[in-house]
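Per my numbering, the very first residue in the sequence shown carries number 97; after that it's consecutive.
Here a beta-carbon is modelled for each residue, glycine too, at the ideal position from N, C-alpha and C.
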Amino acid sequence: MYHPIKIATLLLLAISGIAASHAQIPRSSDLEENGPDQRRDLSLPGSRLVINPYNFRIPPGQKNASAYSNSPMIPLNVGYLSTRAPHRELPDINVLHLQQASPGHTFVTWQASLEDPSIWEPSDGISVQVSEQGLEAHISKQTRQDVQSLRFKEPITADLDDSRYLEIVIPQASSLWAVKLHRVGDASDRTIRQENTGTGTYCFDIPAETGWKGRQSFELTIYLIGRGTDMVMSHLSLRGIKKKSLFMADEFHTQWEPHQLSFQGSYADGTSIAGFDFLYDNETLVRSFRVTKPGKSPIVTSGKYNGALVKINRSTLLIQSGHYNYVVSFKLPSAGEITFYRNYTDLVAGQNPLISPPETGYWSVSGIFDSSPDTNILISYSFADPYLPTDSLIKRAQQPTANPSIVGKQLQKRRLFWDDLLKSVPHPSHFDIHEVESKGVEPADIRKAYYKAWVFLAMNVLSSDPTNFPYPQIVTGKPSLWAEGHSDAPFSAAWESFIGMQLYAYIDPEVSWAAFSGLMSLVDDTGVLGGESLPSRKAQTALLLYRLTGDKDKLAQNYPALKRYMNWRLRYPMWVYKEVSLLSETQKDADFVVSALIDLQALDTIASILALPADQTMWTAKRQQFFDHYLSWFWEQPDAIPVQLYDTETKRRAAGHTIWVTSGLAIDVLTYPHLAGMMKLFNEQFDPGENFAGFPMPKYPEMAFTARGLLARGHRAQARQLMECGVRDIVRSGPIFAEQYVPGFPPYGDGVRPSIFGMAQLIDFVLLLDGKDYLSPVSLRTDRVK
């Protein structure tokens with residue numbers, strides 16, 4: 097389904113008869129990023145693996161993707177998108193150190209008793225008990241608050257210059273969890289770990305995270321998030337290292353390209369290394385590096401793990417968790433041996449080495465690598481769901497290390513794959529900004545960002561899960577590990593993913609059709625699509641896929657689900673985060689109503705295509721009735737300024753976000769006097785001199801509806817200014833495409849990061865500014881659209 101030859105032959109574009117010159121089409125290597133603000137994630141279409149996932153729950157501006165994934169250990173971090181797994185992020189599965197000294201010494205300054213629940217103060221919604229595994233905390237399903245806390249009652253006092261490491265072992269967790277410290281006398285907490293999923297051994301460098309030095313007293317609180325979830329903690333201590341054996345790089349650099357992540361490091365003894373990480377295939381990733389300048393000491397490679405580790409042989413490790421398995425493969429010389437450690441401090445000190453692996457900890461191979469220049473070191477990791485045979489998993493992981501010459505050829509294939517995909521996408525003729533101040537953004541910057549957006553879209557394709565969901569997905573943001581959708585397709589948001597299907601249809605429409613049919617198969621008999629309830633773009637997506645492919649059978653196959661869903665949506669045009677029991681027939685959200693009205697128009701057209709005149713009449717009538725409700729709900733008077741929120745029971749209105757209201761400009765039947773209030777609202781907020789034209793929360797769907805509505809109504813200058821501001825400020829916000837943006841100075845991404853929405857806004861607006869609308873295939877003439 098995702099073979100590069102197939103993708104490479106798709107959609108060579110000649111836009112409105114103006115063919116972009118091939119000199120303008122970048123290659124994979126032309127898109128390289130470096131420096132402290134580079135993107136770090138890497139995947140392939142169809143792969144469940146993503147290198148360097150990012151915790152989007154980190155507040156914007158605190159730690160970007162590069163700072164989150166990079167460190168002087170030169171770590172390899174992985175996410176594995178397993179449908180049923182409660183946690184999917186595997187940090188530090190490979191790290192690199194220099195071994196400069198004999199084994200050192202660690203010590204414990206403070207350790208919490210996990211056998212006495214009375215020393216902990218739980219919030220009202222948590223129950224705490226002691227088990228064989230450790231201290232168990234469970235959040236009640238009935239609690240009103242989704243966020244609960246577990247505070248250690250007594251302050252912890254220690255000299256952080258000596259005892260800087262907080263070690264926590266979490267063998268089991270279905271909840272998100274976070275760790276915060278509160279220094280006695282401070283006004284606010286310091287977050288040591290932002291809420292995230294995860295199990296295993298965790299080591300936090302308190303001075304590095306807080307800036308605290310010397311003797312300090314602080315309180316420790318663990319936060320758990322998620323009703324009905326739990327967490328088990330088996331160890332909690334404050335530790336120090338008296339003497340280190342392993343040392344991080346003094347200096348390191350990394351680069352991002354669609355086909356590889358390259359790195360360089362230099363160490364105190366003069367040793368230098370260079371290497372790269374890449375996806376060898378959809379289930380396997382490879383780290384390759386070499387010593388470029390030998391020093392006096394050897395390089396040590398290690399890896400963090402959590403699960404049952406089985407030593408297959410001297411060069412192969414199998415790690416088995418409840419939701420996925422993976423194999424680590426490398427080559428050892430005759431003198432090399434694998435050693436295990438329980439925690440990071442023991443690893444760095446070389447203290448307490450273990451022959452048998454613990455349930456969670458680190459494996460390490462020390463002093464084994466030839467320090468002569470140009471000696472390539474290969475380490476491969478291959479992943480699989482637990483129901484697949486381990487024999488084939490082991491063979492797959494061993495293939496790159498058993499045949500080193502293949503690695504270079506596979507890397508070349510990856511580069512050519514992305515080169516070919518970049519040729520296959522729509523090629524705009526212009527990337528200029530004319531109507532607003534550029535604020536330092538050049539056409540070359542927009543051009544690169546545009547093609548990187550297509551790379552990001554392709555990387556978000558997820559293969560089918562034969563056990564749980566036998567359809568591909570175009571997920572919300574693979575590196576974000578967002579998983580709040582339907583339980584069978586948790587990575588697909590019922591908004592972002594449909595936008596992704598629309599755009600990916602210009603690369604592979606069959607994959608988009610399959611992904612669309614998959615999500616629509618989850619619409620139940622009452623019309624509910626489980627997971628987060630979001631505005632509808634379903635009928636619009638079906639209609640575009642039909643126009644691109646002419647496949648009436650697929651359109652007819654999905655029509656009953658579209659019909660059920662729309663009838664449900666008309667009753668509940670509101671946002672609900674997974675809790676369907678919280679739905680209200682009295683709460684109305686203009687954002688949802690506008691999207692439904694657009695989809696009702698598409699359903700009318702679909703019914704006509706399928707020769708269903710009775711249904712076409714029904715949709716026409718329902719759209720008119722729903723439009724009448726729209727006018728009465730969100731306008732207090734016909735010429736008033738409209739609002740976003742209305743409750744039919746209390747009659748209360750709330751203004752909401754301006755751009756989420758002005759999306760109603762896209763409704764073709766909106767006329768005066770109501771249109772006057774809508775334009776007044778737009779003009780009061782619109783300022784092309786400001787970031788994102790002055791609109792807070794400039795999320796893609798509402799920005800696009802507003803821009804298209806302005807264009808359709810003849811407000812060309814304002815539409816262009818709005819779109820140019822959007823393109824310019826997404827580029828200025830950094831390389832990570834975000835769900836929404838904050839118009840700060842400079843602007844920055846917010847919400848889910850990375851996300852389909854930021855990518856879609858950039859692609860859509862660049863094309864619209866070039867006079868091409870992807871929703872109108874006739875304006876994008878390709879080999880498939882004639």
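How many angstroms separate the CA atom of residue i from the CA atom of residue j?
| i | j | result |
| --- | --- | --- |
| I705 | A638 | 12 Å |
| S583 | T179 | 8 Å |
| L807 | L696 | 21 Å |
| A635 | I763 | 15 Å |
| A119 | Q244 | Caution is warranted here: a pLDDT of 49 is assigned to A119, below 50, making its placement in the model unreliable, and the coordinate value is therefore given only provisionally. Cα to Cα, A119 sits roughly 56 Å from Q244. |
| P888 | L644 | Residue 888 is absent from the model: the chain starts at 97 and stops at 882. |
| S368 | K400 | 23 Å |
| H883 | D481 | Lying outside 97 to 882, the shown extent of the chain, residue 883 is not represented and no answer is given. |
| I121 | L708 | 44 Å |
| Q653 | E263 | 54 Å |
| P656 | S613 | 11 Å |
| L699 | W715 | 7 Å |
| D133 | S162 | 6 Å |
| N448 | V624 | 55 Å |
| P566 | L320 | 33 Å |
| R136 | E353 | 9 Å |
| V376 | S728 | The sequence shown places Tyr at residue 376, rather than the Val named in the question. Cα to Cα, Y376 sits roughly 57 Å from S728. |
| R74 | I852 | It is not possible to answer for residue 74, since the shown part of the chain is limited to 97 through 882. |
| K574 | N151 | 11 Å |
| P539 | V827 | 11 Å |
| R665 | P218 | 40 Å |
| N779 | I755 | 11 Å |
| F791 | G810 | 21 Å |
On a Cα-Cα basis, can you pick out the residue from the options that is closest to residue i?
| i | options | result |
| --- | --- | --- |
| Q312 | L414, T205, G324 and R247 | T205 |
| S358 | R386, S333 and Y642 | R386 |
| M344 | S384, T397, D326 and G457 | T397 |
| Y844 | E128, N148 and K159 | K159 |
| T75 | P303, A493 and P500 | Because the chain here runs from 97 to 882, residue 75 falls outside it and cannot be looked at. |
| Y298 | P738, Y440, K249 and W273 | Y440 |
| T622 | A589, A283 and R660 | R660 |
| G847 | L443, L138, R153 and K747 | R153 |
| H349 | I337, A370 and S333 | A370 |
| E347 | L192, I408, G646 and L876 | L192 |
| Q817 | D515, D783 and V265 | D783 |
| T456 | G446, A751, I266 and V551 | I266 |
Which residues in the same chain have their Cβ closer than 8 Å to the Cβ of residue i, if we skip the five residues on either side of it in sequence?
| i | result |
| --- | --- |
| R667 | E681 |
| S209 | I215 |
| Q268 | Q229, T295, D326, M327 and V328 |
| T497 | S411, S425, F426, K427, L474, I475 and S476 |
| D541 | V827 |
Less than 7 Å between C-beta atoms, sequence neighbours within five positions excluded: which residues of the same chain meet that for residue i?
| i | result |
| --- | --- |
| M819 | A803, F861, L864 and L865 |
| A856 | I595, L599 and Y796 |
| A772 | D735 |
| A601 | S608, L640, L641 and L644 |
| F587 | L177, L558, Q569, V571, T572, W578, A579 and G581 |
| S117 | Residue placement at S117 is poorly supported in this model, since its pLDDT is 43, which falls under 50; the coordinates still yield a value, given next. So the list is empty, once near-sequence residues are dropped. |
| L618 | H582, D584, A585, L625 and G626 |
Under the DSSP definition of a beta bridge, which residues are partnered with residue i?
| i | result |
| --- | --- |
| I264 | Y298 and L332 |
| L413 | K407 and V424 |
| G627 | G581 |
| H753 | Per DSSP, none; premise fails for H753. |
| Y742 | K684 and R749 |
| T367 | For T367, which the question treats as bridged, DSSP gives no partner whatsoever. |
| I189 | BP columns for I189 are empty, so no partner. |
| W273 | N292 and L320 |
| R386 | A370 and N472 |
If contacts are defined as beta-carbon pairs under 8 Å, then residue i and residue j qualify, I think. What distance do you get, rounded to the angstrom?
| i | j | result |
| --- | --- | --- |
| P734 | H770 | 6 Å |
| K392 | D365 | 5 Å |
| P149 | E185 | 5 Å |
| Y176 | L145 | 6 Å |
| R749 | E732 | 7 Å |
With a CB to CB cut of under 6 Å and the five nearest residues on each side skipped, what residues in its chain are close to residue i?
| i | result |
| --- | --- |
| G324 | K237 |
| V406 | L414 |
| E745 | T682 |
| T435 | P449 and S460 |
| V787 | Looking at the sequence itself, residue 787 is Asn, so the reference to Val does not match. So the list reads D825, P839 and P843, once near-sequence residues are dropped. |
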